[in-house]
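**Student:** If you scroll down you'll find the structure; I have some questions about it.
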Amino acid sequence: MSDPHIAISVRDLKMGFGDFIIQRDLNFDIKTGEIFVIMGDSGSGKSTLLRHLIGLQKPLFGKINYADMSFWDAPEAQRKALSKRFGVLYQSGALWSSMTLFENVAMPIREHTNYGEERIAALVQFKLALVGLAGFDAYYPSEISGGMKKRAGLARALALDPDILFFDEPSAGLDPISAKRLDDLILELRDSLGTTIVVVTHELASIYAIADSSIFVDADAKTQTALGPPAYLRDHPPTAKVGEFLRRGDGKNLNEGEAV
Amino acid sequence: MEYLLKTYGESDRGEGELELVVSGDWAERGDSALVSASGDNKRRNFGADLLSDLETALQAGGISKIRFDTSNLTDWDSKLIVLIIAIQQQKTQNIEIDDAGLPRGLRQLIALSRAAPARGDRGDAKPAPGILETVGQQTIGVFSRFKASSQFLGVSLQSFGRMFTGKARYQKSDVRDFIFAAGPQALPIVSIVNILLGVILAFMGAVQLKQFGAEIYVANLVALGQTREIAPMMTAIVMAGRTGAAYAAQLGTMQVNEEVDALKTFGFSPIDFLVLPRMLALAVMMPFLVLYADALGIFGGYLIGITVLDISTIEYIEQTRASIDIVDVALGVFKGSVFGILVAVTGCMHGMNSGRSASAVGDAATKAVVSGIIAIIGMTAMFSVLAAVLGI
Numbered sequence: 060m061s062d063p064h065i066a067i068s069v070r071d072l073k074m075g076f077g078d079f080i081i082q083r084d085l086n087f088d089i090k091t092g093e094i095f096v097i098m099g100d101s102g103s104g105k106s107t108l109l110r111h112l113i114g115l116q117k118p119l120f121g122k123i124n125y126a127d128m129s130f131w132d133a134p135e136a137q138r139k140a141l142s143k144r145f146g147v148l149y150q151s152g153a154l155w156s157s158m159t160l161f162e163n164v165a166m167p168i169r170e171h172t173n174y175g176e177e178r179i180a181a182l183v184q185f186k187l188a189l190v191g192l193a194g195f196d197a198y199y200p201s202e203i204s205g206g207m208k209k210r211a212g213l214a215r216a217l218a219l220d221p222d223i224l225f226f227d228e229p230s231a232g233l234d235p236i237s238a239k240r241l242d243d244l245i246l247e248l249r250d251s252l253g254t255t256i257v258v259v260t261h262e263l264a265s266i267y268a269i270a271d272s273s274i275f276v277d278a279d280a281k282t283q284t285a286l287g288p289p290a291y292l293r294d295h296p297p298t299a300k301v302g303e304f305l306r307r308g309d310g311k312n313l314n315e316g317e318a319v
Numbered sequence: 132m133e134y135l136l137k138t139y140g141e142s143d144r145g146e147g148e149l150e151l152v153v154s155g156d157w158a159e160r161g162d163s164a165l166v167s168a169s170g171d172n173k174r175r176n177f178g179a180d181l182l183s184d185l186e187t188a189l190q191a192g193g194i195s196k197i198r199f200d201t202s203n204l205t206d207w208d209s210k211l212i213v214l215i216i217a218i219q220q221q222k223t224q225n226i227e228i229d230d231a232g233l234p235r236g237l238r239q240l241i242a243l244s245r246a247a248p249a250r251g252d253r254g255d256a257k258p259a260p261g262i263l264e265t266v267g268q269q270t271i272g273v274f275s276r277f278k279a280s281s282q283f284l285g286v287s288l289q290s291f292g293r294m295f296t297g298k299a300r301y302q303k304s305d306v307r308d309f310i311f312a313a314g315p316q317a318l319p320i321v322s323i324v325n326i327l328l329g330v331i332l333a334f335m336g337a338v339q340l341k342q343f344g345a346e347i348y349v350a351n352l353v354a355l356g357q358t359r360e361i362a363p364m365m366t367a368i369v370m371a372g373r374t375g376a377a378y379a380a381q382l383g384t385m386q387v388n389e390e391v392d393a394l395k396t397f398g399f400s401p402i403d404f405l406v407l408p409r410m411l412a413l414a415v416m417m418p419f420l421v422l423y424a425d426a427l428g429i430f431g432g433y434l435i436g437i438t439v440l441d442i443s444t445i446e447y448i449e450q451t452r453a454s455i456d457i458v459d460v461a462l463g464v465f466k467g468s469v470f471g472i473l474v475a476v477t478g479c480m481h482g483m484n485s486g487r488s489a490s491a492v493g494d495a496a497t498k499a500v501v502s503g504i505i506a507i508i509g510m511t512a513m514f515s516v517l518a519a520v521l522g523i
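Sequence lines, in order, name chains V and X. As numbered in this note's numbering, residues 60 to 319 make up the first sequence, in order. As numbered in this note's numbering, residues 132 to 523 make up the second sequence, in order.
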């Protein structure tokens, strides 16, 4: 029953804490090798959805399927094995502050493989070079800039050559040039490695540049209000809010009365 | 800053119109405004006289429209905007407000402040819970907190077990760093506290024992009290304030920084990786710190013995040696390592459960110290009762 072209399928997902519902009835598929963008207004639960996908938070209801496996119904050992195929870039990089960049990237490789030190070192150098941080091995996270932390976090996310990469607000806090470079890198990773990529963002330039498909989660409706390629959604917005979001508020005059 | 209210007749406008002429500098950017603010009521209640004059004029009746003349207004800032908004809110009396006479920038700022609808409940709509509800919630909270703490302790001890079977993943260099921080670096404060405790114990005993001419027994009191009870308890309290708080702050900050999440997604157990090395460091160092504290406490008592109580050095040492045996020392050391684990676990638990903000990390450190100290004193009492019952 499962389609080999589908990497992740989400069915009737309900997220929240106890009685407090953040989103309900989320249904979407993420195809293998596509760049899928999760967008939404502030407080809509974009990052929470990401936490559900990578197994940090349990759904209140519904299923998240990876290929044939329902993530939250599987035993913990299987979940762990599956997580090894994920790479996650957290919003601020989330580098382990007590370790150098080299150790940060090396640690997952050491944990999940039995490679010798020499091979690990070569792999780490390569990943750091890939994100433009060659020569920064011995630096601690506190000694580098925010943008560099993000890139180092990406090097670590790439450490195990993941099948699926997750990005939480990759361009937040980056200058436009660095943000553009990161977008290019994301496209390059998909094209050269065939990695499936899930990105949480509300950066419009980035959305149009990289997304193959997207979902819009609405904070007021508390469910998804749009699903599809962002350019199509901009031209055929299913709700006024989605259209406004994708056109940056339509450039409405402030004096023209109350916004939505 | 001047103003003038012109009603019909004066203003040559239509009947029922009121013109508000605002002129001069309404921003008061000069230094004098800031410095002279105290004591100058007119400045403090900026524009209050304007509002009250306006109200009087409106109460007189017959006014259906307010317009503005700001042609001689030289400067203005948010203070004037707030005044205008206050005037606009008087719409209840069916008075039309014509804002055409206001500066364009001011009108736009007012429009901007209204562009996004205000949230209806302002976030404070929740009624304050009554006394019954508070007591109930707190009681339920005590049980759930106790359950959570026990679970965390259990999980941490399991991690200890995994260490012995070699399955736990953590950094050996972390253990070394934490041992250094919890051991050698803690010596100065442990020294000061315990010497003074020995001094206090000696004085306390001397006052009573002098009445019976039994000053020599001060040595017994200090040696026994220090090794069995005071040294482990006070050293643990010092470590709770020093190291337990540090652990909570470290792990709390890691939580804020998503470092703990990153560990989880890479398949590392945060307990093994973060809690175990810290627990290990305190469990290893506390027995040594307690032994050190024993020695310094006895030294403090000795200083008082030979100076104030005229006991000779030989006598004091002999008396001390006779009063304690290895069981007393061992009991203190054992308590010390239990307290060490307790301090590490409470510190780490509050750090791991910390919220994701600066104040939450502060709360975590506070809770770590408070609950650490309560646990230490509670356990000390329990140990004393047990020791008495078992005759140790």
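Just so you know, even glycine gets a beta-carbon here, dropped at the ideal spot from N, CA and C. Fair warning: this is a prediction, and the values are worked out from it, not measured in the lab.
In the structure shown, what three-state DSSP assignment does Gly155/X receive?
**Tutor:** strand
**Student:** Kindly identify the DSSP beta-bridge partner or partners of Ser272/V.
**Tutor:** Phe95/V
**Student:** Just verifying my parser: in three-state terms, what is the DSSP assignment at Ser515/X?
**Tutor:** helix
**Student:** Could you tell me whether the Cβ of Asp392/X comes closer than 7 Å to any Cβ of chain V?
**Tutor:** Answer yes: the Cβ-Cβ gap between Asp392/X and chain V drops below 7 Å somewhere.
**Student:** Would you mind working out which of Leu440/X, Tyr134/X, Cys479/X sits nearest Leu340/X, comparing C-alpha positions?
**Tutor:** Leu440/X
**Student:** Hey, which unbroken runs of the alpha helix (DSSP H) at 4 residues or more fall wholly within the segment 309-376 of chain X?
**Tutor:** Counting whole runs of 4 or more residues, the segment 309-376 of chain X contains the alpha helix (DSSP H) stretches 318-341, 349-356, 362-370.
**Student:** Considering only C-alpha positions, which residue in the set Arg210/V, Ala188/V, Met128/V, Lys186/V is nearest to Gly152/V?
**Tutor:** Arg210/V
**Student:** From what residue to what residue does the beta strand (DSSP E) around Asp229/X run?
**Tutor:** 227-229
**Student:** If you reduce the DSSP assignment to three classes, tell me which class Tyr267/V lands in.
**Tutor:** helix
**Student:** Specify, as a first and last residue, the run of the alpha helix (DSSP H) that Glu186/X falls within.
**Tutor:** 179-190
**Student:** Using a C-beta cutoff of 7 Å, does Ser169/X count as contacting chain V?
**Tutor:** Below a pLDDT of 50, predicted positions are generally treated as unreliable, and Ser169/X, at 48, falls in that range; the measurement from the model is reported next regardless. The Cβ of Ser169/X sits no closer than 7 Å to any Cβ of chain V.
**Student:** Secondary structure at Ser151/V, three-state DSSP: helix, strand or coil?
**Tutor:** coil
**Student:** Is it true that the CB of Ile429/X sits closer than 7 Å to the CB of Ala354/X?
**Tutor:** yes
**Student:** Out of Gly329/X, Thr444/X, Leu135/X, Phe311/X, point me to the one whose CA is closest to Met417/X's CA.
**Tutor:** Each of Gly329/X, Thr444/X, Leu135/X, Phe311/X was checked against the Cα of Met417/X, and the nearest Cα belongs to Phe311/X.
**Student:** Of the choices Ala350/X, Ile226/X, Ile216/X, Asn225/X, whose alpha-carbon is the least far from that of Gln239/X?
**Tutor:** Ile216/X
**Student:** Thinking C-beta only, is Leu148/V closer than 7 Å to Gly194/V?
**Tutor:** no
**Student:** Confirm, please, whether the CB-CB distance from Ala379/X to Gly509/X is below 7 Å.
**Tutor:** no
**Student:** So what does DSSP say about Asp294/V, is it helix, strand or coil?
**Tutor:** When DSSP states are grouped into helix, strand and coil, Asp294/V belongs to the helix group.
**Student:** Any beta carbon of chain V sitting closer than 7 Å to that of Asn484/X?
**Tutor:** no
**Student:** How is Glu264/X classed by DSSP in three states: helix, strand or coil?
**Tutor:** helix
**Student:** Opposite Leu136/X in the DSSP bridges: which residues?
**Tutor:** Leu151/X
**Student:** So for Tyr174/V, helix, strand or coil by DSSP?
**Tutor:** Three-state result, Tyr174/V: coil.
**Student:** With a 10 Å radius around its C-beta and 16 neighbouring C-beta atoms as the bar for buried, classify Asn75/X as buried or exposed.
**Tutor:** Nothing in the structure corresponds to residue 75/X, since chain X is present only between 132 and 523.
**Student:** Within 7 Å (strictly less), CB to CB, does Gly478/X reach chain V?
**Tutor:** no
**Student:** What did DSSP end up calling Phe79/V once you bin it into helix, strand or coil?
**Tutor:** strand
**Student:** Can you tell me whether Tyr301/X is helix, strand or coil according to DSSP?
**Tutor:** coil
**Student:** Evaluate contact between the segment 467-481 of chain X and the segment 398-412 of chain X, counting only Cβ atoms and requiring at least three cross-stretch pairs below 8 Å.
**Tutor:** yes
**Student:** Near Gly316/V, which residues of its chain fall below 8 Å by C-beta distance, leaving aside the five closest residues on each side in sequence?
**Tutor:** Annotation note: pLDDT 38 at Gly316/V (below 50); position unreliable, no value reported.
**Student:** For chain X, find out if any of its Cβ atoms is closer than 7 Å to the Cβ of Ala268/V; answer yes or no.
**Tutor:** no
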